[in-house]
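> In this note's numbering, the protein residues as written are -10 to 321.
Cβ coordinates follow ideal geometry from the N, Cα and C atoms, glycine included.
Predicted model, so just to flag it, every value in this text is computed and none were measured.
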Ligand code: SF4
């Protein structure tokens, strides 16, 4: 049984992030992004009413309690709803956030969402309880949105999504961040978002939203579609300049300027089986390098390597070479 609570994992945006996965595998999402690190969307749904099974509040709180008893609060900067799909698909999200804030009032709660369900008042109500909401916005015109995010049927168009972001911003008291994934492609005909008309639309929408924070990202891990590649740092700089012109008060965070070197210093003793479960829980949420797992779990790289090799032999993982090193990808 895979746990709902995983990590903490080092995050370039959130420091040491204790993950909550409110949808669980197989991936349930309203999008099927070309750059998703979890492969194609298996449960293609567009409403919280369609999520089945649903992770319950009690289940989450029980796991969270036991995790905190084990590791304490020191190695946690954020408690983050993310995981293996779109967190706002869980109809219990609001109740879950309230329960966490009662149980662990000293730790901020973040939600990473793809923004597609913000038109629903109950989703806006749930998100309003979080301290930080990171809203995905990779494109602001329908053609680029469909090319990159590949929304499932019945998801609103991008104009309506942007309108609901503006609506949410009016009453939200926490930090509103936009997360933008800039992508390039080896296919000349693919509609990329870092130049031309697609970028102009994106910049206009940022101007109209005026977020507190903008997280500029580009794929650094293995992605779903092989033709997708990261943009150069020079492109990130150009886009950053354009954003500063229209949203001078927004804080801009760039993935290429935040090298993760966080040592979590987790000292609790674990058996080999427990360690295997933790490694697997991480890899089910995202491909990682040995150094990422070692840093996240506070375990020597050589021990992680031994575990990964045995998982490859038993067909649970494959290794994928990329510019940043070898990533281990769950295929189980
Ligand atoms: S990147 Fe996020 S929003 Fe896109 S398909 Fe993957 S889980 Fe869904």
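1. For residue 225 versus residue 207, is the C-beta spacing smaller than 8 Å?
2. Just confirm the distance between the C-beta atoms of residue 124 and residue 154, as a whole number of angstroms; I'd bet it's less than 8 Å.
3. Could you tell me which uninterrupted beta strand (DSSP E) segments, each at least 3 residues in length, are contained entirely in the segment 213 to 290, listed from first to last along the chain?
4. What is the DSSP secondary structure of residue 81, counted as helix, strand or coil?
5. Under the DSSP definition of a beta bridge, which residues are partnered with residue 25?
6. Please return the same chain residues whose Cβ sits closer than 6 Å to the Cβ of residue 266, not counting the five positions on each side in sequence.
7. Among residues of its own chain, excluding the 5 on either side of residue 112, which ones have a beta-carbon nearer than 7 Å to its beta-carbon?
8. Given this structure, state the Cα-to-Cα distance separating residue 230 from residue 237, to the nearest angstrom.
9. List the whole-angstrom C-beta distance separating residue 71 from residue 101, where the pair is believed to meet the contact cut-off of C-beta under 8 Å.
10. Can you give the Cα-Cα distance for residue 46 and residue 34, rounded to whole angstroms?
11. Return the Cβ separation of residue 183 and residue 171 in integer angstroms, given the expectation that the two are a contact with Cβ distance under 8 Å.
12. From this set, 119, 54, 198, which residue's C-alpha is nearest residue 150's C-alpha?
13. Kindly examine the ligand ADP and report whether one of its heavy atoms sits closer than 7 Å to the Cβ of residue 126.
14. What I want to know is whether the C-beta of residue 8 ends up closer than 7 Å to one or more non-hydrogen atoms of the ligand SF4.
15. Out of 12, 193, 6, 262, which one is the CA nearest neighbour of residue 97?
16. Throw me the rounded Cβ distance for the residue 306 and residue 320 pair, which I believe falls under 8 Å.
17. Beta carbon of residue 27: closer than 7 Å to some heavy atom of the ligand SF4?
18. Indicate whether residue 120 and residue 163 have their beta-carbon atoms separated by less than 8 Å.
19. Tell whether a beta-carbon distance below 8 Å holds between residue 381 and residue 24.
Taking the geometry as given:
1. yes
2. 6 Å
3. 217 to 219, 240 to 243
4. coil
5. For residue 25, which the question treats as bridged, DSSP gives no partner whatsoever.
6. none
7. 77, 106
8. 10 Å
9. The Cβ separation is near 4 Å, so the contact holds.
10. So the two alpha carbons sit approximately 21 Å from each other.
11. 5 Å
12. 198
13. Looking for the ligand ADP in the displayed structure turns up nothing; the ligands present are the ligand SF4.
14. no
15. Comparing alpha carbon positions, the residue from 12, 193, 6, 262 closest to residue 97 is 6.
16. 6 Å
17. yes
18. yes
19. No answer is possible for residue 381: it lies beyond the span of the chain, which begins at -10 and ends at 321.
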